[in-house]
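Trainee: Structure below; questions to follow.
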Amino acid sequence: KQEVTQIPAALSVPEGENLVLNCSFTDSAIYNLQWFRQDPGKGLTSLLLIQSSQREQTSGRLNASLDKSSGRSTLYIAASQPGDSATYLCAVPNSGNTPLVFGKGTRLSVIA
Amino acid sequence: DAGITQSPRHKVTETGTPVTLRCHQTENHRYMYWYRQDPGHGLRLIHYSYGVKDTDKGEVSDGYSVSRSKTEDFLLTLESATSSQTSVYFCATGDRGIEKLFFGSGTQLSVL
Chain A
1 KQEVTQIPAA LSVPEGENLV LNCSFTDSAI YNLQWFRQDP GKGLTSLLLI QSSQREQTSG
61 RLNASLDKSS GRSTLYIAAS QPGDSATYLC AVPNSGNTPL VFGKGTRLSV IA
Chain B
113 DAGITQSPRH KVTETGTPVT LRCHQTENHR YMYWYRQDPG HGLRLIHYSY GVKDTDKGEV
173 SDGYSVSRSK TEDFLLTLES ATSSQTSVYF CATGDRGIEK LFFGSGTQLS VL
C-alpha cells in the first residue's frame with residue numbers, strides 16, 4: 001500500500017524567501033505525481049502534474065521535481081508572497097494508475 | 113477548472129439517520145471520487161467510480177455506499193450516520209484516472 005509523507009508539517013517564512021517542500025512515497029511504480037494547493041475552507045487545486053518520465057515541471061514561480069527511484073519529490077517556491085500561504089499536498093496513485101493517495105500536507109505561512 | 117458542485121455545503125444531522133451527499137459535474141469526466149478529510153488523517157478515499165454503474169471501494173468505505181446512474185452525478189450515502197463520520201467530504205473528478213484531478217468545494221458534515 002502506497003504511503004505518502006510530507007515534511008515539514010508546517011512552515012513559516014518571511015516574504016521573498018525561496019523555499020522547498022518535501023514529499024516522499026513508498027512505492028516507486030507510479031504513473032505520475034501531483035502537487036495541490038488548499039486554501040482554508042476550500043477544495044484542492046492541482047498546481048503541477050509530473051509524469052513518471054519527467055524529472056521537472058514548472059509553472060510560474062513553482063517548480064516541482066520528481067526522483068522516482070528514491071521515492072521523492074520537491075516543490076520549490078521562488079520569491080514567496082503572502083498569497084502563497086496555504087496547505088500544499090502531494091499525491092501519487094496507490095499503485096499503477098489507481099486512485100490517488102495523499103500526504104497530510106505542509107501548511108505554509110508567508111509573513112509580510 | 114471543472115464545474116463540480118457539491119450539495120449540500122453544510123449539514124448537521126443526528127446519529128442513526130441516513131444522509132446523502134451529491135456531487136454533480138459538467139465536464140463529462142469518466143472518473144469520480146469521494147474523499148473525506150480529517151485532522152491528523154489527511155485525505156482518505158471512500159469510494160470511486162470509473163463509469164456509469166461502475167464503482168469500487170477505497171480505504172475507508174465501511175458505513176458508506178455510492179451510486180452513479182448518470183455520468184454527471186455521483187451520490188455518497190451514509191446509511192446510518194455515526195459521530196465518527198463527522199468530516200469534510202470532497203468530491204473529485206478526472207478524465208482518465210491518471211491525469212489531473214479536479215475537486216469540489218466540499219461538504220461539512222456534522223453528526224451529533
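Line by line, the protein sequences are chains A and B.
Residue 82 in this note's numbering sits at position 82 of the first sequence; the count goes up by one each step and never skips.
Counting the second sequence from 1 gives a position; this note's numbering is that position plus 112.
Virtual Cβ for every residue (Gly too), placed ideally from N, Cα, C.
Predicted, not measured: the structure shown is a model, and the values here were computed from it.
Classify G115(B): buried if its beta carbon has 16 or more other beta carbons within 10 angstroms, exposed otherwise.
Mentor: Mapped onto the second sequence, residue 115(B) falls at position 3. The residue is exposed, with fewer than 16 neighbouring Cβ atoms inside 10 Å.
Trainee: Confirm, please, whether the CB-CB distance from S217(B) to V124(B) is below 8 Å.
Mentor: Residue numbering aside, residue 124(B) sits at position 12 when the second sequence is read from its first letter. Residue numbering aside, residue 217(B) sits at position 105 when the second sequence is read from its first letter. Not in contact: V124(B) and S217(B) (Cβ atoms no closer than 8 Å).
Trainee: Check the Cβ-Cβ distances between L155(B) and every residue of chain A, and say whether any is below 8 Å.
Mentor: In the second sequence, counting from the first residue as 1, residue 155(B) sits at position 43. Yes, L155(B) lies at the interface with chain A (some Cβ there is under 8 Å from its Cβ).
Trainee: Beta-carbon of G216(B) versus every beta-carbon of chain A: anything under 8 Å?
Mentor: On the second sequence, residue 216(B) is found 104 positions in, with the first residue counted as 1. So yes, G216(B) belongs to the interface.
Trainee: Let's test the definition: count the other Cβ atoms within 10 Å of the Cβ of N140(B) and tell me whether it reaches 16, buried, or not, exposed.
Mentor: In the second sequence, the residue the question calls residue 140(B) occupies position 28. Counting Cβ neighbours within 10 Å, N140(B) comes out exposed, since fewer than 16 surround it.
Trainee: Cα-Cα, which of Y143(B), T129(B), T138(B), Y147(B) is closest to Q220(B)?
Mentor: The residue labelled residue 220(B) in the question sits at position 108 within the second sequence. The option with the nearest alpha carbon to Q220(B) is Y147(B).
Trainee: What does the alpha-carbon distance come out to for the pair S28(A) and Y76(A)?
Mentor: Indexing the first sequence from 1 puts residue 28(A) at position 28. Indexing the first sequence from 1 puts residue 76(A) at position 76. Near 21 Å, if we compare the C-alpha coordinates of Y76(A) and S28(A).
Trainee: Quick one: what does DSSP say P93(A) is sitting in, helix, strand or coil?
Mentor: Counting from 1 along the first sequence, the entry for residue 93(A) is found at position 93. Looking at P93(A) - three-state DSSP - the assignment turns out to be strand.
Trainee: Does F102(A) come within less than 8 Å of chain B when only Cβ atoms are used?
Mentor: Taking the first sequence and counting its residues from 1, the one referred to as residue 102(A) is at position 102. Yes, contact with chain B.
Trainee: Got a sec? Which residues, its chain only, sit under 7 Å from S199(B) by beta carbon, not counting five neighbours each side?
Mentor: Here residue 199(B) corresponds to residue number 87 of the second sequence, with the count starting at 1. Answer for S199(B): R148, Q149, D150, L221, listed in chain order.
Trainee: Quick one: which chain A residues come within Cβ less than 9 Å of F186(B)?
Mentor: Sequence index remark: in the second sequence, residue 186(B) carries index 74 (1-based). Here the premise fails: no neighbours, minimum Cβ distance about 13 Å.
Trainee: If we define contact as Cβ-Cβ less than 8 Å, is K42(A) a contact residue for chain B?
Mentor: By 1-based counting over the first sequence, the position of residue 42(A) is 42. Judged by the 8 Å Cβ criterion, K42(A) is in contact with chain B.
Trainee: State yes or no: is the beta carbon of G71(A) nearer than 8 Å to at least one beta carbon in chain B?
Mentor: The residue given as residue 71(A) occupies position 71 in the first sequence. No - not a single Cβ of chain B is within 8 Å of the one on G71(A).
Trainee: Considering only their Cβ atoms, is the gap separating T189(B) from T132(B) smaller than 8 Å?
Mentor: For the purposes of this step, residue 132(B) is identified with residue 20 of the second sequence, where counting begins at 1. For the purposes of this step, residue 189(B) is identified with residue 77 of the second sequence, where counting begins at 1. Yes. Within cutoff.
Trainee: Indicate the three-state DSSP secondary structure (helix, strand or coil) for D166(B) in the structure shown.
Mentor: In the second sequence, counting from the first residue as 1, residue 166(B) sits at position 54. It is a strand residue.
Trainee: Report the partner residues of D185(B) according to the DSSP bridge assignment.
Mentor: As a first step, residue 185(B) must be located in the second sequence, where it is residue number 73. BP columns for D185(B) point to H136(B), K182(B).
Trainee: Which whole-angstrom value describes the C-beta separation of V172(B) and S161(B), a residue pair presumed to lie in contact below a C-beta threshold of 8 Å?
Mentor: Within the second sequence, numbered from 1, the residue matching residue 172(B) stands at position 60. Within the second sequence, numbered from 1, the residue matching residue 161(B) stands at position 49. 16 Å between Cβ atoms; not a contact.
Trainee: Assign S73(A) to one of two classes, buried (16 or more other C-beta atoms within 10 Å of its C-beta) or exposed (fewer than that).
Mentor: For this step, residue 73(A) is matched to residue 73 along the first sequence. Buried, because 16 or more other Cβ atoms sit within 10 Å of the Cβ of S73(A).
Trainee: Which residues does DSSP list as the beta-bridge partners of T5(A)?
Mentor: Counting from one through the first sequence, the residue named residue 5(A) turns up at place 5. Its beta-bridge partners are S24(A).
Trainee: Classify T113(A) as buried or exposed, calling it buried when 16 or more other Cβ atoms lie within 10 Å of its own Cβ.
Mentor: Given a span of 1 to 112 for chain A in the structure shown, any question on residue 113(A) remains unanswerable.
Trainee: Taking C-beta pairs closer than 8 Å, name the residues in chain B that G105(A) reaches, listed in chain order.
Mentor: Locating residue 105(A) in the first sequence gives position 105, counting from the first residue. Under the 8 Å cutoff, chain B gives G154.
Trainee: Any contact of the stretch 5-15 of chain A with the stretch 48-66 of chain A, i.e. 3+ C-beta pairs under 8 Å?
Mentor: The stretch 5-15 of chain A vs the stretch 48-66 of chain A: no contact.
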